[in-house]
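Taking the working numbering, the leading residue of the sequence shown gets 8, the next gets one more, and so forth.
By construction, the Cβ of each residue, glycine as well, lies at the ideal position given by its N, Cα and C atoms.
Everything numeric in this text was worked out from a predicted model, so none of it was measured.
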Amino acid sequence: MKKIIIFLLISLFPLFGGEIVKSIDFPINSLVLTQKDGYTVVDLFSAPYYEGEVGSPQIPVIPVAFVLPPDAYLKDVEILEINETKIPGNYLLYPVQYGQTYSLNQEKKEFVLPKEKYYSLNTIYPEKVINYLNTGNKGGFKIGSFLVFPVRYLPAKKELYFVSHLKVKVIYEKRDIPLKRISPLKKQLLLSSIYQMVINPEDAERFSPPIEKNLGKKASAYLPPGYYEYVIITPSMFASACNELLNWRKKLGYPSTLMTIEEIQNNYPGRDVAEKMRNFIKDADTTWQTPFFFIVRKDHPERQYRRLYVYYSGSYRDTLPGDIYFSDLDGDWDFNRNNIFGEVGDSIDGYSDVYVGMITADSLTEISRYISKVFRYEKTPDSNYVTKVLLPVGVTFSQEYNDSIYYAVPADWFGCRMYMSGGAITPTPQRYCDSLNSGYGYTSIIAHGNETSYDLGGSVTIPMMRALTNTNKLNVLTAVCCHTGAFDYASDDCIAEYMCNRSDNGFAAVMMNSRYGWVRVAEYYNYHFFYKFLPRQPVGRHPLCSAYVYVGEALAHSKDQLRPLWPMTDSSRFRWEAYERNLFGDPILLLWGGRIGTAQVDFPNVINIGSNVPVNITVRRNQNPCESVLVCLKKGDEVYVKGRTNSNGEITLYVTPLTPGYMYLTVSGRNIYPYEDSILVISTDRYVTYLKHYINDDPPRGNGDGIPNPGEELEIPLWIKNYGQATAEGVYGYFFTRDSNVSYSDTVKYFGRVAGGDSAFTGNNGYNLILGNNLPNGYSIVCSLKTKDNLDSTWFSRFTITVGTPVLIYQDYLVKDSFSQRPNGRIDPGETTDLVIKIKNIGLGHGYNV
């Protein structure tokens, strides 16, 4: 099986008033019938099974969602056309069984025989092709949904029917309700997910809620005016440990603040700490337009979280810690006011309005340990490991879900199927840990588990997680295992806590279950998480993967995608799974989407004090423009502006610096290392510094391609500029570098008189730099230039020279066997073929004589 994707083949019809007409097609070749224990098992795209009564016929179900106007509610869905045909043959369908869990202490259930009340029916089952209509709210967007039953069964005659085509009319009614206003960033984030969720993505833009035009100017009864994209919630005792992360988020260009739990307790209404925290989040969502909340909470037994009620099939009842309580902000999760949260009768909406992640902590050290991981993941990761995906399966079933991820990864990525059967290698705890240490960017685990371990051909334990050595190759993991995320576990910290912030290495973010993970339920959350962030081709004009995907956003998307399945029964395991899978980590952690490279950033070294001074910035990678890169300029309380580059990699930001000093520049993007530098703000006196340079590597000193290669001797002709208004006389330039991997010579040049606003050139006989023989591709050599005039005024500036080498990687292959006895594009036993290998140079240097 190559993918588990529910393909809906859509035909568009015009929208008239309160109606949307759509065609939905299910290809007949998507229907798979197999035999098991004398019964027929029906699969369709490996879609979920209908959660019918145990002993009823097991049939697949397809969730369908669509975006509605922000003031609309789904009223009805009418079938205008249906093509339903009988599948030849007679079939005794496999009966629904009790749900299995991924617990290490799995209780084995006896096989349930077909129940007479279903299998003697002389009417088609289920009666309706479309059922379970629902309207939800996602951050101001209205999401309508229903379930489609493309396969139906006539039990008495053992006949199977297949719906290959539907044309439906979605009827909605508008209501006079206040519309939620959202920020441009929220709209971008929400649309990114909605385009993937709904069958009418072309309507998403025009059905968007209105934009808040008074950003930063609104206040509430509890909050002052402000605009914050990121908020840390933590006890006051942990606040100081969070400041370094808070400042980094600000510097990147995410306006950020911190709110202590004590402040929330003292100011907000609510029956307990958790409800007060949620009321603050609801307030910040509308007043500050905040989409990301990072909760740094005290560890159990402190109750800075909410327990949610879950139920399945009588014997499975529990209350579990679930942070979806803080991300779905509709209602209060206790509609019947019985102090039991999350019951079916509490009318839970279920869609994420904001993105929430958390860590638990007993000390400042544990917080600092996690922040160190964030910095290593975001600032200094290994450049290549993120395109490797580890797919361990510790059971002998459900491999197809990790297969779906394996076949969805891009061609130039690498996936390792570590399966108990049918994979590339068999899992063991040691192999798993060795793989993490070698460097894998992402992991999807399907395995049994408990609070302190999970099983991959043996127990993966807490000491193993603490011993990992992948310092700059930190992993992002999602898993189906039972109880591994039970942070309310009384006896000790759960293994997810150790993986996240009780260990120096290992993982930058972990998504695990606080209670039971359910077979053929939990796996869907794994691959919808991957489908959100993996780079994929767009459908029409609607991107399947936005330029920026954050870990909290991807987890929320996996839950939102499966939300239509909740109404199937009062004891839905999909509801259970959505409640319990929590993010251990910072929700605004930007997920890498390819090999990481170094950005080349052009900007003025110096600007003058003034009002609305334009600052032109250009960002390139491998000489190609970088689009949608976040650029931020910050200077104390005087300047804080940001924006994203256009398709040419360019942006102009306007600043009003009031005093001389340094203005900090930060550039960040999905697949580039963060770039940090500064621009000097000066008054109108003379100021002479570096302007630009070029590389001369003509033979015999180099190969003449203009690219700094290892071992070459470079001539560096260079320009300086007087950014002030007064003339500088008798200017000298002194070149040096502190990089021990290079050497330099001819380091002093005379520039003479440089008028205000003018520039001067070394001439073609520039400074000399000799590169070491073993410098890697992308190696940055920081060079310094000291300029000095006849009045002994001295200025220092820096510029970077980036080494380029060829980096050849495998990209694709083609088997040419048209001349063989079995021309099928594969290498068969005993066959001789031509194998065409395609490679790609992802380095900055040319490859010669490859």
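For residue i, count the other beta carbons within 10 Å of its own beta carbon; 16 or more makes it buried, fewer makes it exposed. Which is it?
| i | result |
| --- | --- |
| Asn112 | exposed |
| Glu85 | exposed |
| Ser553 | Reliability fails at Ser553, whose pLDDT of 48 lies under 50, so the model's placement of it is uncertain and no value is given. |
| Ala493 | buried |
| Pro262 | buried |
| Asp44 | exposed |
| Arg548 | Interpretation of Arg548 is limited by its pLDDT of 35, a score under 50 that renders its predicted location unreliable; the figure taken from the coordinates is listed afterwards. Arg548 comes out exposed. |
| Ile595 | buried |
| Phe20 | Caution is warranted here: a pLDDT of 41 is assigned to Phe20, below 50, making its placement in the model unreliable, and the coordinate value is therefore given only provisionally. With fewer than 16 Cβ atoms within 10 Å of its Cβ, Phe20 is classed as exposed. |
| Lys115 | exposed |
| Glu458 | buried |
| Gly852 | buried |
| Gln311 | buried |
| Gly656 | buried |
| Ser510 | buried |
| Gln437 | exposed |
| Ala54 | buried |
| Val155 | buried |
| Asn864 | The first residue shown for the chain is 8 and the last is 857, placing residue 864 beyond what the model contains. |
| Pro571 | buried |
| Asn250 | exposed |
| Gly854 | exposed |
Is the CB-CB distance between residue i and residue j below 8 Å?
| i | j | result |
| --- | --- | --- |
| Val103 | Gln42 | no |
| Gly811 | Asn784 | yes |
| Phe148 | Ser215 | yes |
| Thr618 | Thr652 | According to the sequence provided, residue 618 is Ser. The question's Thr does not apply to it. Not a contact, by the Cβ cut-off of 8 Å. |
| Leu192 | Ala211 | no |
| Tyr125 | Leu167 | no |
| Ser334 | Val303 | no |
| Glu504 | Phe591 | yes |
| Pro724 | Asn703 | yes |
| Leu463 | Cys423 | no |
| Lys258 | Lys641 | yes |
| Thr294 | Phe169 | no |
| Ala163 | Ser127 | yes |
| Gly352 | Asn346 | no |
| Ile288 | Ile268 | no |
| Gly737 | Asp796 | yes |
| Leu792 | Gly731 | no |
| Leu721 | Gly709 | yes |
| Tyr319 | Trp583 | yes |
| Pro232 | Ala226 | yes |
| Thr659 | Val622 | yes |
Starting from residue i, follow the alpha helix (DSSP H) in both directions and report where the run begins and ends.
| i | result |
| --- | --- |
| Asn286 | 280-294 |
| Arg677 | Here Arg677 belongs to no alpha helix (DSSP H), and DSSP marks it neither H nor E. |
| Ala529 | 529-540 |
| Cys249 | 246-259 |
| Arg602 | Arg602 -> no alpha helix (DSSP H), and no H or E assigned at all. |
| His564 | 558-569 |
| Ile137 | Taken as a continuous stretch (DSSP letters only), Ile137 belongs to no alpha helix (DSSP H), being part of the beta strand (DSSP E) at 137-145. |
| Ile469 | 469-473 |
| Trp583 | 580-587 |
| Leu443 | 436-445 |
Where do the N-terminal and C-terminal ends of the beta strand (DSSP E) with residue i fall, by residue?
| i | result |
| --- | --- |
| Ser510 | Premise fails: Ser510 is in no beta strand (DSSP E) and is neither H nor E. |
| Arg213 | Element bounds for Arg213: n/a, residue is neither H nor E. |
| Gly785 | Per DSSP, Gly785 belongs to no beta strand (DSSP E) and is neither H nor E. |
| Cys639 | 637-642 |
| Phe299 | 299-305 |
| Lys845 | 841-848 |
If I'm right that residue i touches residue j with Cβ under 8 Å, what's the distance once you round it to whole angstroms?
| i | j | result |
| --- | --- | --- |
| Gly62 | Leu120 | 7 Å |
| Pro242 | Asp495 | With 8 Å as the limit, Pro242 and Asp495 do not qualify as a contact, their Cβ atoms being about 17 Å apart. |
| Leu222 | Tyr234 | 5 Å |
| Leu778 | Pro715 | 6 Å |
| Met506 | Met472 | 5 Å |
| Thr744 | Lys756 | Wrong, their Cβ atoms sit about 15 Å apart, outside the cutoff. |
Enumerated in chain order, which unbroken segments of the beta strand (DSSP E) with a length of 3 residues or greater are wholly contained in the segment 705-779?
-> 720-723, 725-729, 735-744, 749-752, 755-761, 766-768, 774-778
Which whole runs of the alpha helix (DSSP H) in the segment 148-229 are 4 residues long or more, in chain order?
-> 191-204
At what residue ranges does the segment 372-421 contain a whole run of the beta strand (DSSP E), taking only runs of 3 or more?
-> DSSP runs (the beta strand (DSSP E)) wholly in the segment 372-421: 395-400.
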